[in-house]
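Asks:
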Amino acid sequence: MSKKIITLTRHIIEEQRNYPTATGKFTDLMNDIAFAAKLISYHTNKAGLVDILGETENVNVQGEIVKKLDQFANENMIKALDHGGHLCVMASEEEERVIPIPEKYPLGKYVILFDPLDGSSNIDANVSVGTIFSIYSRISPEGRPGTLQDCLQPGFKQVCAGYVIYGSSTMLVYTTGNGVYGFTLDPSYGEFLLSHPRMRIPKKGNIYSVNESHFDFWEQGIKNYIVYVKQNDPATSRPMNSRYIGSMVSDVHRNLLYGGVYLYPASTRSPEGKLRLGYEANPMAFIVEQAGGKASNGQQRILDVTPHELHQRTPLFIGSEEDVTMIEEFISGQRTFSR
Ligand code: AHG
Ligand code: MN
Ligand code: MN
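Residue numbers (the working numbering): 855 to 1193.
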């Protein structure tokens, strides 16, 4: 007998049946996200073949304006999501202010934040990039446009978070707080098919992912941790393996599958860290926690941080639970290394 094939849409519909008050709006919203993901995936895959890689506002040989892929991804996310009647406001890493729903379209009860293309500096080298999204219920009154406050909710209030990774295949991974599910895009059917049900991250990993060129600019606790993971001590499975792609979504995805930890600490050069709380840290934290892992800013659970501005940055330590806890202990000085 052939195996049951579960499409993303079927999975969401079946999951929503557990919520008797579900209106179907969420299912529609996820379908719009999946459509945007397919468009971005298609264009990412042929990025080397067409003029899409030109600078923003460059004119190609046909005299058309060509756009960088991150601009293209941003516009496609907005176009795919603005008209469905599910959202009251959007926010994107690529836009300075919140993105209102055009007046001609109905307003809905959800709020979405997204990083349209994460790891975009990698595109020209054919390295995996991704789209990250985070969905909340609105807190502003219904019937009016959503507000900045709708976009500044702490991460524990997310109703859904996900990412799409454009790699050797395209995958969509998401959670609604009921475990993590991964779907692989079947290019012949054009459908996301369930390939990774109930993803779990190992409690302890053997990979650390960090841009070590920042070493001199880190606080002492981080320096101590990085020296510690490189020491030779087979009894504690050290040295750990180093893997750093430079696309957070790809680095975290790999660590989710194999076990490991991703670090983007604060430094004297970027005292708040680099990554964005709303578009990057919160959605990945929700997913990793739902897979049994942990996400911290060094002192506090990422999902408990209340944002005060839209493009707020945060240090991020995310991955296998024991590894993240150990980093917190190095930061607090509770642990140090000895030669
Ligand atoms: P984005 O492409 O959305 O601007 O994000 C880039 C981020 C993240 O994906 C990656 O892990 C990190 O920047 C890499 O930073 P460094 O080049 O400083 O290592
Ligand atoms: Mn990013
Ligand atoms: Mn980006």
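Backbone N, C-alpha and C define an ideal beta-carbon position, used for all residues, glycine too.
Would you call the CB atoms of Ile1080 and Phe1069 closer than 8 Å?
Replies: For Ile1080 and Phe1069, yes; Cβs fall inside 8 Å.
Asks: In terms of residue numbering, what span does the alpha helix (DSSP H) encompassing Glu1175 cover?
Replies: Element bounds for Glu1175: Glu1175 to Ser1186.
Asks: Kindly examine ligand 2 and report whether one of its heavy atoms sits closer than 7 Å to the Cβ of Asp969.
Replies: For ligand 2, at least one heavy atom lies less than 7 Å from the Cβ of Asp969.
Asks: If Val943 and Asp1004 are in contact, beta carbons under 8 Å, what's the gap, nearest whole angstrom?
Replies: About 5 Å separates the two Cβ atoms, so the contact holds.
Asks: Would the beta-carbon of Asp972 be found less than 7 Å away from any heavy atom of ligand 2?
Replies: Yes, the beta carbon of Asp972 sits closer than 7 Å to at least one heavy atom of ligand 2.
Asks: Alpha carbon to alpha carbon, how far is Leu967 from Met1102?
Replies: Straight-line Cα distance between these residues: approximately 17 Å.
Asks: For a test of the three-state rule: what should DSSP assign to Val915, helix, strand or coil?
Replies: Unreliable positioning characterises Val915 in this predicted model, as indicated by a pLDDT of 48, which lies under 50. The coordinate reading is nonetheless provided below. Coil, per DSSP.
Asks: Mind checking which residues open and close the beta strand (DSSP E) that includes His1050?
Replies: Taken as a continuous stretch (DSSP letters only), the beta strand (DSSP E) holding His1050 covers Glu1045 to His1050.
Asks: Can you grab the Cα-Cα spacing for the pair Ala1120 / Leu1170, in whole Å?
Replies: If you take the alpha carbons of Ala1120 and Leu1170, they lie about 8 Å apart.
Asks: Compare the C-alpha of Asn1032 against each of Val1064, Pro1051 and Asp1040 and name the closest.
Replies: Closest option to Asn1032, Cα to Cα, is Pro1051.
Asks: Quick check on Gly1075: does DSSP put it in helix, strand or coil?
Replies: Helix, per DSSP.
Asks: On a Cα-Cα basis, can you pick out the residue from Tyr1082, Glu1183, Gln1074 and Ile1019 that is closest to Val1106?
Replies: When each option's Cα is compared against that of Val1106, the closest is Ile1019.
Asks: Hey, how far is the Cα of Arg951 from the Cα of Lys1084?
Replies: Approximately 42 Å, taken between the alpha carbons.
Asks: According to DSSP, is Asn810 helix, strand or coil?
Replies: Outside the displayed range of the chain (855 to 1193) lies residue 810, so it cannot be described from this structure.
Asks: Ligand 1 and Ser1174: does the residue's C-beta get closer than 7 Å to at least one heavy atom of that ligand?
Replies: Outside the cutoff, so no.
Asks: Determine the direct distance from the alpha carbon of Ile1181 to that of Gly1113, and round the result to whole angstroms.
Replies: Each residue's Cα considered, the two are about 15 Å apart.
Asks: For Leu1117, is the classification buried or exposed, using 16 other Cβ atoms within 10 angstroms of its Cβ as the cut-off for buried?
Replies: Looking at its Cβ environment, which holds 16 or more other Cβ atoms inside 10 Å, Leu1117 is buried.
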